[in-house]
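J.: Counted the way the numbering used here counts, the sequence shown spans residues 16 to 335. Take this structure, written in structure tokens, and hold onto it; I'll ask about it next.
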Amino acid sequence: MSNLKQEILKLLKSDQFISGQEMADRLDVSRTAIWKSINALKTEGYSIESVTRKGYHLREHPRYISPTALEVLVQDSALFSHMEYFETTESTQIEAFQKLESRDGAYIVVALEQTKGRGRFSREWFSPKNRGLYLSIVLRPNIPITEIIRFNLFISLALSKTLDQAFGVKSGIKWPNDIYISNRKVSGFLTEVVSESNVINAIICGIGINIFKDEGVSALGTATDIESEMEPGRKVDLDDFMKKLIHNMEVYYDRFINEPFSCIRDEWKSRAIVFNKDLRITETGESYMAKALDIDSDGFLEVLDETGEIRRVVSADIEL
Numbered sequence: 016m017s018n019l020k021q022e023i024l025k026l027l028k029s030d031q032f033i034s035g036q037e038m039a040d041r042l043d044v045s046r047t048a049i050w051k052s053i054n055a056l057k058t059e060g061y062s063i064e065s066v067t068r069k070g071y072h073l074r075e076h077p078r079y080i081s082p083t084a085l086e087v088l089v090q091d092s093a094l095f096s097h098m099e100y101f102e103t104t105e106s107t108q109i110e111a112f113q114k115l116e117s118r119d120g121a122y123i124v125v126a127l128e129q130t131k132g133r134g135r136f137s138r139e140w141f142s143p144k145n146r147g148l149y150l151s152i153v154l155r156p157n158i159p160i161t162e163i164i165r166f167n168l169f170i171s172l173a174l175s176k177t178l179d180q181a182f183g184v185k186s187g188i189k190w191p192n193d194i195y196i197s198n199r200k201v202s203g204f205l206t207e208v209v210s211e212s213n214v215i216n217a218i219i220c221g222i223g224i225n226i227f228k229d230e231g232v233s234a235l236g237t238a239t240d241i242e243s244e245m246e247p248g249r250k251v252d253l254d255d256f257m258k259k260l261i262h263n264m265e266v267y268y269d270r271f272i273n274e275p276f277s278c279i280r281d282e283w284k285s286r287a288i289v290f291n292k293d294l295r296i297t298e299t300g301e302s303y304m305a306k307a308l309d310i311d312s313d314g315f316l317e318v319l320d321e322t323g324e325i326r327r328v329v330s331a332d333i334e335l
């Protein structure tokens, strides 16, 4: 991937022009090299305007994740060391697992389309090309396997906050790892681990987000997308979203490693959408109705079932 494209993308701003000569001087390359890289960025979906005697400026970002922009973000990241980018793949989770032996450290796998995307409980995650964001993040925390529920809660908070910051929406969390807007699901993530002797060697967290309007998503009835929930006239900027997502992942992963859940418990509860509702809870083959009472210091959900018994939910499918 061209480092020059990455450097030019850093220089291009949506609110000001920069001349080709100035970019050439600052990057110590020819005007021709600048021109070729600008055209290459246009093929990636960037709308770049050129005005005589003023130069270039960035009018609009692509409607999908740009590999050049993502590479820049990963290079600047304190957590992630590299990334893998696919036009189409069966599943970013599969790709992430396959690279565990050959890749060290934390990394990101992104795809524009998944043909066999999946969520929790082996459910299909509908992943049409250029309509959503599909990625897996790989982390290597070296922690007890019992900590995985706490990980889900820190990451769900990071994801919900990022959606709100980047798109101006108001999202909520359905315990433990689904994100909703207007009582419909917009995002979810699947957490899988590689462990030995009850110690996690790697976490592979697959995230799916419905970004743009799609008939298949709309037909589900229980799902929504970011484009439908944003204020009219506001544009989707996926480069900005990924910048904010990587930042929040860094912040909340660091907090996960160093802080107990109690440090974010109030913040998490302020975004929770499971309270004051009738819930159908399915766990280990049993299904029952209940109301959520609280979330305890370990991150487990406390519910009152229809018989009046208080239960501690460790892992379950919850329907609102």
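All C-beta atoms, glycine included, are put in the ideal place defined by N, C-alpha and C. All values reported here derive from a predicted model rather than from experimental measurement.
#1: Tell me, which residues are paired with CYS220 by DSSP?
#2: What beta strand (DSSP E) runs, 3 residues minimum, are completely inside the region 267 to 331?
#3: For LYS185, which residues in the same chain have their Cβ closer than 8 angstroms to its Cβ, ignoring the five residues on either side in sequence?
#4: With a 10 Å radius around its C-beta and 16 neighbouring C-beta atoms as the bar for buried, classify GLN113 as buried or exposed.
#5: Could you tell me whether the Cβ atoms of ILE215 and ASN273 are closer together than 8 angstroms?
#6: Since ARG133 sits in a beta bridge, which residues does DSSP pair it with?
#7: List the endpoints of the continuous beta strand (DSSP E) containing ILE123.
#8: In three-state DSSP terms, what is ASP30?
#9: Bridge partners of GLU64, per DSSP?
#10: Can you tell me the Cα-Cα spacing of VAL329 and LYS176, whole angstroms?
#11: Tell me, to the nearest whole angstrom, how far the beta carbon of SER52 is from that of LYS20; I am working on the premise that it is less than 8 angstroms.
#12: Relative to the alpha-carbon of PHE182, which residue among LEU168, LEU174 and ILE109 has its alpha-carbon at the smallest distance?
#13: Alpha carbon to alpha carbon, how far is LEU260 from GLY300?
#14: Round the Cβ separation of SER81 and GLY60 to the nearest angstrom and send it over; I've been treating them as touching at under 8 angstroms.
#15: Identify the residues that DSSP records as bridge partners of TYR195: which are they?
#16: Express the C-alpha separation of VAL266 and PRO191 in angstroms, rounding to a whole number.
#17: Considering only C-alpha positions, which residue in the set SER243, ILE188 and ARG133 is nearest to LEU150?
#18: If you measure between the beta carbons of LEU42 and GLU22, is that distance less than 8 angstroms?
#19: Just to confirm, is the Cβ distance from ASN167 to SER202 under 8 angstroms?
#20: Looking at the secondary structure, which residues open and close the beta strand (DSSP E) in which SER96 lies?
#21: Looking only at C-alpha atoms, which of ARG280, SER277 and TYR71 sits nearest to ILE33?
#22: ILE23 by DSSP, collapsed to three states: which one?
#23: Using the Cα positions of SER117 and VAL89, report the straight-line distance between them to the nearest angstrom.
T.: For this structure:
#1: ILE152 and THR206
#2: 293 to 298, 301 to 310, 316 to 320 and 325 to 328
#3: ASP179 and ILE196
#4: exposed
#5: no
#6: GLU139
#7: 121 to 126
#8: coil
#9: HIS72
#10: 24 angstroms
#11: 5 angstroms
#12: LEU174
#13: 35 angstroms
#14: 7 angstroms
#15: GLY187 and LYS200
#16: 19 angstroms
#17: ARG133
#18: yes
#19: no
#20: 95 to 101
#21: TYR71
#22: helix
#23: 18 angstroms
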